[in-house]
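Written out below as structure tokens is the structure these notes cover.
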Amino acid sequence: MRSFSLTAALAIVIAAAAPAWPGRVQAKAQAQARADVGADRIAALRALVADPAGPVLVIAHRACWKDAPENSLPAIAACRRLGVAMVELDVRRTRDGHLVLMHDATVDRTTDGHGAVVDLTLAQIQALRLRTGAGGPGAALTDLAPPTLEEALEAARDGVLINVDAKAEVFDQVGTLLERLDLTDHVLMKTAVVPAAGQPFPALFRSALFMPIVDERQGPMAAAIAPYDPLSPVAAEVLFRDEAYFSASVRTLKAAGRRAWINTLGPTHAAGHVDADAAADPEAHWGHLIDLGASMIQTDEPEALIAYLARRAARPAARR
Numbered sequence: 502m503r504s505f506s507l508t509a510a511l512a513i514v515i516a517a518a519a520p521a522w523p524g525r526v527q528a529k530a531q532a533q534a535r536a537d538v539g540a541d542r543i544a545a546l547r548a549l550v551a552d553p554a555g556p557v558l559v560i561a562h563r564a565c566w567k568d569a570p571e572n573s574l575p576a577i578a579a580c581r582r583l584g585v586a587m588v589e590l591d592v593r594r595t596r597d598g599h600l601v602l603m604h605d606a607t608v609d610r611t612t613d614g615h616g617a618v619v620d621l622t623l624a625q626i627q628a629l630r631l632r633t634g635a636g637g638p639g640a641a642l643t644d645l646a647p648p649t650l651e652e653a654l655e656a657a658r659d660g661v662l663i664n665v666d667a668k669a670e671v672f673d674q675v676g677t678l679l680e681r682l683d684l685t686d687h688v689l690m691k692t693a694v695v696p697a698a699g700q701p702f703p704a705l706f707r708s709a710l711f712m713p714i715v716d717e718r719q720g721p722m723a724a725a726i727a728p729y730d731p732l733s734p735v736a737a738e739v740l741f742r743d744e745a746y747f748s749a750s751v752r753t754l755k756a757a758g759r760r761a762w763i764n765t766l767g768p769t770h771a772a773g774h775v776d777a778d779a780a781a782d783p784e785a786h787w788g789h790l791i792d793l794g795a796s797m798i799q800t801d802e803p804e805a806l807i808a809y810l811a812r813r814a815a816r817p818a819a820r821r
């Protein structure tokens, strides 16, 4: 992760080194320098995702929401400052066809409103106010409205990759938006569903980074991931209860040049290893999973995980 702070430093150096031309010329040169550094950062992150031997990558679940509402623009900004590799964002469609960030089917938990997203217009959604953190009736209200996916993508531009978690019915709409914004290279898509015989995968799965979701109940990884081979997956999100299954899956994935993504979000995701326990004893949970071969970790504790990875990297190799 230290290479990411180096990239940030380069942005400052390049901007400062722009020729001292007058007025608009200087501003344009500095803006172009920042854009070039941002493009380099995204290219570097994509290269890391595609490298199974690279460092462990941190994915912030619903962005960095400890001090901001989940799935909000400030939460994305917090992730950029923290230096996470990727943010996971949840997308739903409003009654009038707009894409907004919202995890639940309803707005009840995370806002001061009520009702299903699919029954509300964009104007109605934007009149709501987000609750802090993970929401709930006891969470304080903010002055923030739920953002559109377009706003979120622009907030992430040139700073962080995005895992768009969306339902199949909006995949094509997401793809069209990404093409219009020229941000397809920022996104990783995923699915647990193989199309019916004769039906194609969404085009977006071929243009963006792609990863299937594989549950151990589907059987051995090699057979479970085979239907996705035409999409050249960079990783597989592995849901497991048996660590032996995960270890075997890692071997299969590494042999194919792919990463192993895990979630430490709940007890059924990674053999009972959860963020609450990992934050208190990171070596026994995050460290153990990394030793088993996890190379991408989705977490609700990105700051604690990044701090642990830095300590782990600083140790002598024999003790990692």
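The letter at position 217 of the sequence shown is residue 718 when you use our numbering, and the numbering goes up by one with no holes.
Where is the CB? At the ideal position from N, CA and C, for every residue including glycine.
These figures come from a predicted structure and were not determined experimentally.
Spatial distance of residue i from residue j (CA atoms)
i, j, result
"residue 649", "residue 553", "33 angstroms"
"residue 606", "residue 667", "12 angstroms"
"residue 705", "residue 817", "42 angstroms"
"residue 759", "residue 779", "25 angstroms"
"residue 582", "residue 804", "10 angstroms"
"residue 609", "residue 615", "5 angstroms"
"residue 597", "residue 695", "29 angstroms"
"residue 738", "residue 680", "25 angstroms"
"residue 787", "residue 539", "30 angstroms"
Buried or exposed by the 16-neighbour rule on C-beta atoms within 10 Å, applied to residue i
i, result
"residue 700", "exposed"
"residue 527", "Confidence in residue 527 is poor, its pLDDT being 43 and thus under 50, which makes the residue's placement too unreliable to answer from."
"residue 725", "buried"
"residue 641", "exposed"
"residue 736", "buried"
"residue 697", "exposed"
"residue 812", "exposed"
Residue span of the beta strand (DSSP E) that contains residue i, given as start and end
i, result
"residue 713", "710 to 716"
"residue 581", "Per DSSP, residue 581 belongs to no beta strand (DSSP E); it is in the alpha helix (DSSP H), 574 to 583."
"residue 751", "Element bounds for residue 751: not the beta strand (DSSP E) but the alpha helix (DSSP H), 744 to 756."
Cβ shell of residue i (< 8 angstroms), same chain only, five flanking positions each side left out
i, result
"residue 574", "645, 648, 652, 653, 656"
"residue 570", "576, 611, 631, 632, 633, 634, 636, 643, 645"
"residue 691", "664, 666, 711, 712, 713, 714, 738"
"residue 815", "none"
Span of the alpha helix (DSSP H), counted from its first residue to its last, around residue i
i, result
"residue 675", "672 to 682"
"residue 778", "776 to 781"
"residue 811", "803 to 815"
Cβ-based neighbour list, residue i, same chain, cut-off 7 angstroms, excluding 5 preceding and 5 following
i, result
"residue 732", "702, 706, 707, 711"
"residue 602", "572, 590, 591, 592, 647, 648, 650, 653"
"residue 746", "717"
Contact set for residue i: own chain, Cβ-Cβ below 6 angstroms, skip 5 residues either direction
i, result
"residue 567", "none"
"residue 795", "761, 763"
"residue 617", "606, 607"
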